[in-house]
Structure formats: structure tokens, C-alpha cells
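In UniProt numbering, the protein residues as written are 1 to 126. Every residue gets a Cβ at the ideal spot worked out from N, C-alpha and C, and that includes glycine. Just so we're clear, the structure is a prediction, and the values are computed from it rather than from any experiment.
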Amino acid sequence: MTWNELGASKFALLTTYKKDGTPVGTPVWVASDGDRIVVWTNPKTWKVKRIRRNPAVTLQVSDARGRPKGDEVFAGTATILDADGTQRVRDLVAREYGLIGTLVIKLHKLFRGADGSVGLAIAQTP
């Protein structure tokens with residue numbers, strides 16, 4: 001498994017860290033954006049709050065419920081994107097997930113507005 005293969009998977013387990021260092025895993029949709037993996041989420045989630053405080057994360061391929069598939073875990077550094085970056089992530093996720101991705105993003109934008117989601121870009125760390 002490589003970083004690029006992880007970006008091509010349908011789901012990944014994104015692990016962020018609480019103040020005390022406790023890991024918290026969350027299943028997410030992922031898409032590749034060059035050498036970064038991008039994620040689309042609600043800006044009010046705990047994972048976003050934890051990333052603001054500590055951008056160190058891990059990613060591993062998982063199923064839709066966050067159960068890991070395999071043992072490979074990749075370390076990364078997450079960046080919370082601005083409005084333009086978030087729109088790029090929405091476009092990438094819609095392309096990656098086809099009709100379902102497009103519908104979910106459109107409905108989310110309709111009910112929560114343009115500021116109701118945020119993109120995360122994750123760069124692999126050695």
C-alpha cells in the first residue's frame with residue numbers, strides 16, 4: 001500500500017489527537033490532490049477542532065464504518081483550507097464518488113450553506 005493508493009481508496013480512517021494525546025479515529029471520504037490527500041467535512045466537528053490545535057494525523061484504508069483494512073498506517077500533517085481550497089476539495093470528492101458524492105455535497109451546501117463544510121489537505125510526513 002502506498003500513499004497514492006490510500007488516496008484512491010473509497011474510505012480512510014482519519015486519526016486526530018486530543019489535548020492529552022488520546023487518538024480519535026473517524027471514517028472519512030478521501031480523494032487525491034497531487035501529493036496530498038484531501039477530506040471534506042463539517043467545520044464544527046471535533047476532528048477540525050483537534051486539527052486546529054494539533055495538525056498531526058494518521059490515515060489508513062478502512063471500510064465505511066472506520067474498520068481498518070490492513071496494517072499500513074500513514075502519518076500526515078493536516079491543513080484546514082480556505083474557501084477556494086474547500087471548493088476544490090468538493091469538486092475532487094464529487095468526481096471521486098460520482099453521483100452519490102455530487103448529491104451529498106449539493107444537499108450539504110443547500111442545507112448548511114457555503115460555509116457549512118471545510119476542506120482538509122493532508123501531506124504525508126516521513
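Expected contact under 8 Å - CB spacing of G101 and M1 to nearest Å: Within the sequence shown, the letter at position 101 stands for residue 101. Within the sequence shown, the letter at position 1 stands for residue 1. With 8 Å as the limit, G101 and M1 do not qualify as a contact, their Cβ atoms being about 23 Å apart.
D84: first and last residue of the uninterrupted alpha helix (DSSP H) it sits in: For the purposes of this step, residue 84 is taken as the residue at position 84 of the sequence shown. Element bounds for D84: A83 to R112.
6 Å Cβ shell around P55 - same chain, five flanking residues per side excluded: As a working note, residue 55 is residue 55 in the sequence shown. For P55, same chain residues with a beta-carbon under 6 Å away, outside a window of 5 residues either side, are T77 and A78 in chain order.
N-terminal and C-terminal residue of the alpha helix (DSSP H) that A8 is part of: Along the sequence shown, read from residue 1 onward, the residue named residue 8 stands at position 8. Its alpha helix (DSSP H) spans residues W3 to A8.
Per-residue DSSP class, three states only, for R53: Sequence index remark: in the sequence shown, residue 53 carries index 53 (1-based). Here R53 sits in helix by DSSP.
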